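Residue numbers (my numbering): 2 to 666.
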């Protein structure tokens, strides 16, 4: 599972994996090169965990020597020598499993040499075996760095399958790739048996492979106003190319729903706007400036769809030794927009236009793009839900009613996640735990599978996981610990401050060595404070959070009182309270605590109450100082009158962490 993978990562590694996936430049060869068609049996047994994701593993020195021999064999056009060197190199790579970038570079050089001598099947086997290793030793769905590795070798493999005459294998690989992406079933239907994908929401049917074109990438939007892209490759993807005849074609499909009412865009206006925007973009400084080419544009095929507004244009680079042509088609059908961008070398124009025509003919788009809303657009409904304050059960009931009515029209993961989250949280607040589990679980999966999050909303991902964790505990679900882990690692700061033990369900601060449980009374661990040794706990029933601070030193009552007065003074000044707080306004209570060391210790509670003119409500400040393990913990929190039901829960929380010594009472 993803969590097993996350637990093994340091924070720095996790950060790099999530944001840094550099690609090799089209004009720059990778740094080294190679792999072979049949992995050695002993290597496979000794290296079962190889997936090339360890960035610290360097390229074995013998491979550099083999690369020199490879270059010599390539110059001599010696196919047998190239094949032998390839086999030797693969055995070393497989046994040593160096990092992806160097491995990719080796394979790039190996396949280039094999292709130069028409050994396409061997080149296919290299990529296929590499892909197989990644599939065997990684958990799906892949994330970050591993996803980048897998996608690169997947594309290489299916591109290489065509000259190797392995179309059937390519089709199976494409089907497996699409299955691994957890595509929303409401949007997609994958039919490997009939070699087609259906983007059902847009009524578009496209092949997985056709006339030597292969589907090499699919990115499905999670948002109604987002863009779905389907990329096809012929003889290469611009980075990994079998020959200079390569062509790439990306189809970008977007639903352009109006903001509030049903209205149509004037097609001619959209066409003019698209051309103007393209001309403006070409005028900007680029490494390879382009200019529109009317003559080439006239030779481009039309996309074969009737009753639509359609434009096309081609641009060529002004200064380039190997001139690249960029051809663009834009098509409007109802509220749907498709943009096709194809790239090929100028010398390959005639073949490219013919090949693009065959690809276009293999794609079907129904005559009218469907409308996805009735009286109100989805955005109008979501905006209305976002404006609710969610401060009372009445508001939650209203929001859940609207969400339930809207759910049948929700087609995209983002809106489905929001609506299910609202419905699930409302069910939780009504203590319908099984209903809450069903809706919240669905919302959590949608948020997680699509990297979506409605930040700082009462129904965002963090809130969903928090409620879901509490339901899991109350229903005795085995997922409880993993759900708490997700809330704790949500902001990615835990590795610098703490150790998290999922089996023991504890959080241990590295500095103080103090260890706290995932659950205390009815509170669940929520997230880490920006203060060292700080941990937030949440009471989901009341949607109330407290910050627990821990440290190795204890404060005597002499020091506790000024701390409380100072904190209360800051809060009261914000509430326009003119009279300063004095010690006589503080209420104090204590109880003896069972001490690990055996000495006499007390837990001390301080409280004071005032009326807030700014918030028009009574407020109570609660401060607890209590011994815990070999240190001390502190809670200072403010409770508004509407949340006074929380007050006894705070006492229970403290007494769970610092049990009273009944013998001394």
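The beta-carbon is built from N, C-alpha and C at its ideal position, and this holds for glycine as well. Quantities reported herein were computed from a predicted structural model and do not represent experimental measurements.
Query: Relative to the alpha-carbon of residue 67, which residue among 98, 110, 96 has its alpha-carbon at the smallest distance?; Result: 110
Query: Excluding the five sequence neighbours on either side, which residues of its own chain have a C-beta within less than 6 Å of the C-beta of residue 625, listed in chain order?; Result: 606, 636, 655
Query: Looking at the secondary structure, which residues open and close the beta strand (DSSP E) in which residue 483 lies?; Result: Careful: residue 483 lies outside any beta strand (DSSP E), inside the alpha helix (DSSP H) at 481 to 489.
Query: Using the rule of at least 16 other Cβ atoms within 10 Å of the residue's Cβ for burial, across every protein chain shown, is residue 296 buried or exposed?; Result: exposed
Query: Drop a sphere of 10 angstroms on the beta-carbon of residue 514, count the other beta-carbons inside from all chains shown, and report buried for 16 or more, exposed for fewer.; Result: exposed
Query: For residue 339 and residue 410, what's the separation of their Cα atoms in angstroms?; Result: 22 Å
Query: I believe residue 507 touches residue 519 by the beta-carbon criterion, under 8 Å. Please report the beta-carbon distance rounded to the nearest angstrom.; Result: 7 Å
Query: For residue 300, which of 309, 489, 313, 324 has the nearest alpha-carbon?; Result: 313
Query: Pull up the DSSP beta-bridge partners for residue 588, would you.; Result: 608
Query: Thinking C-alpha only, which one of 390, 114, 317, 210 is nearest residue 85?; Result: 114
Query: Beta-carbon separation of residue 401 and residue 423 under 8 Å?; Result: yes
Query: By the 10 Å Cβ neighbour count, where 16 or more other Cβ atoms means buried, how is residue 620 classified, buried or exposed?; Result: buried
Query: Does DSSP put residue 232 in a helix, in a strand, or in coil?; Result: strand
Query: Let's see if you can read the secondary structure: which residues bound the beta strand (DSSP E) around residue 502?; Result: 499 to 502
Query: To the nearest angstrom, how far is it from the Cα of residue 222 to the Cα of residue 530?; Result: 34 Å
Query: Determine whether the beta carbon atoms of residue 249 and residue 351 lie at a separation below 8 Å.; Result: no
Query: Which residues in the same chain have their Cβ closer than 6 Å to the Cβ of residue 578, if we skip the five residues on either side of it in sequence?; Result: 611
Query: Could you check whether residue 172 and residue 132 sit closer than 8 Å to each other, using their CB atoms as the reference points?; Result: no
Query: How long is the line joining the alpha carbons of residue 556 and residue 426, rounded to whole angstroms?; Result: 40 Å
Query: Excluding the 5 residues preceding and the 5 following residue 374 in the sequence, name in chain order all residues of the same chain whose CB lies nearer than 7 Å to its CB.; Result: 258, 410
Query: Three or more beta-carbon pairs under 8 Å between the region 161 to 177 and the region 122 to 130, yes or no?; Result: yes
Query: Measuring CA to CA, which of 175, 256, 194 is closest to residue 218?; Result: 175
Query: Cα separation between residue 419 and residue 460?; Result: 7 Å
Query: Going by DSSP, what residue range makes up the alpha helix (DSSP H) through residue 356?; Result: 350 to 362
Query: Note down, in chain order, each residue of its chain lying with its Cβ closer than 8 Å to the Cβ of residue 292, except the 5 sequence neighbours on either side.; Result: 283, 316, 317, 319
Query: Would you kindly check if the distance between the Cβ of residue 593 and the Cβ of residue 601 is under 8 Å?; Result: yes
Query: Considering only residues of the region 604 to 664, which uninterrupted alpha helix (DSSP H) runs meet the minimum length of 4 residues and lie entirely inside it, listed in chain order?; Result: 647 to 658
Query: Would the region 376 to 396 and the region 236 to 248 be scored as touching if the rule is three or more Cβ pairs under 8 Å?; Result: no
Query: Quick one: residues in its chain with C-beta nearer than 6 Å to the C-beta of residue 347, no 5 flanking neighbours on either side, listed in chain order?; Result: 324, 326
Query: From what residue to what residue does the alpha helix (DSSP H) around residue 80 run?; Result: 80 to 97
Query: Taking the C-alpha atoms as reference points, what is the distance between residue 564 and residue 618?; Result: 24 Å
Query: Excluding sequence positions up to five away, which residues of its chain have a Cβ less than 8 Å from the Cβ of residue 156?; Result: 217, 218, 234, 238, 241
Query: Give me the Cα-Cα distance between residue 489 and residue 480, rounded to the nearest whole angstrom.; Result: 15 Å
Query: Since residue 473 is in the alpha helix (DSSP H), which residue starts that stretch and which ends it?; Result: 462 to 475
Query: Return the chain-ordered ranges of every alpha helix (DSSP H) run that is complete within the region 401 to 445 and spans a minimum of 4 residues.; Result: 414 to 430
Query: Assign residue 512 to one of two classes, buried (16 or more other C-beta atoms within 10 Å of its C-beta) or exposed (fewer than that).; Result: exposed
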